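Heads up, the thing below is written out as structure tokens.
In our numbering, the protein residues as written are 131 to 219.
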């Protein structure tokens with residue numbers, strides 16, 4: 131059953147699309163928290179990356195599931211890297 135377009139011309143979000151978007155936002159928050167921690171410990175480059183992650187997160191079109199999934203995968207990799215490096219301190 132195909133979703134009917136709304137008056138804006140976009141199809142409505144499906145429940146799993148909302149979950150995927152919320153998951154992406156949560157991953158972004160986790161990455162940003164790791165980066166804030168790194169900045170507090172003297173990593174000056176972390177602030178620049180934090181701002182880039184924030185901008186990129188806000189730029190993702192929540193109606194573009196492929197973009198949400200791709201950015202989520204990128205965030206997941208970075209979150210894993212940051213968590214592992216935090217454990218190694």
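For glycine and all other residues, C-beta sits at the position ideal for the given N, C-alpha and C.
None of these values were measured; they are calculated from a predicted model.
| field | Contact belief for residue 205 with residue 158 at Cβ below 8 Å, rounded distance in angstroms | value | At roughly 6 Å, the Cβ-Cβ gap stays under 8 Å, so residue 205 and residue 158 are in contact.
| request: Compute the Euclidean distance between the alpha carbons of residue 165 and residue 156, then round it to the nearest angstrom. | output: C-alpha separation (whole angstroms): 14 Å.
| message | Please state the DSSP three-state secondary structure of residue 152. | response | The answer is helix: DSSP assigns residue 152 an H, G or I state.
| message | Quick test of the definition: if touching needs 3 or more C-beta pairs under 8 Å, does the stretch 162-179 touch the stretch 193-204? | response | In short, these stretches do not touch, since the Cβ pair count stays below three.
| task | Answer yes or no: do residue 167 and residue 216 have a C-beta to C-beta separation smaller than 8 Å? | result | Taking a C-beta distance under 8 Å as the contact criterion, residue 167 and residue 216 qualify as a contact pair.
| Roughly how many angstroms lie between the CA atoms of residue 148 and residue 209, to the nearest whole one? | Approximately 21 Å, taken between the alpha carbons.
| request: Just the C-alpha distance for residue 214 and residue 187, rounded to the nearest angstrom, thanks. | output: In this structure, the straight-line span from the alpha carbon of residue 214 to that of residue 187 is close to 22 Å.
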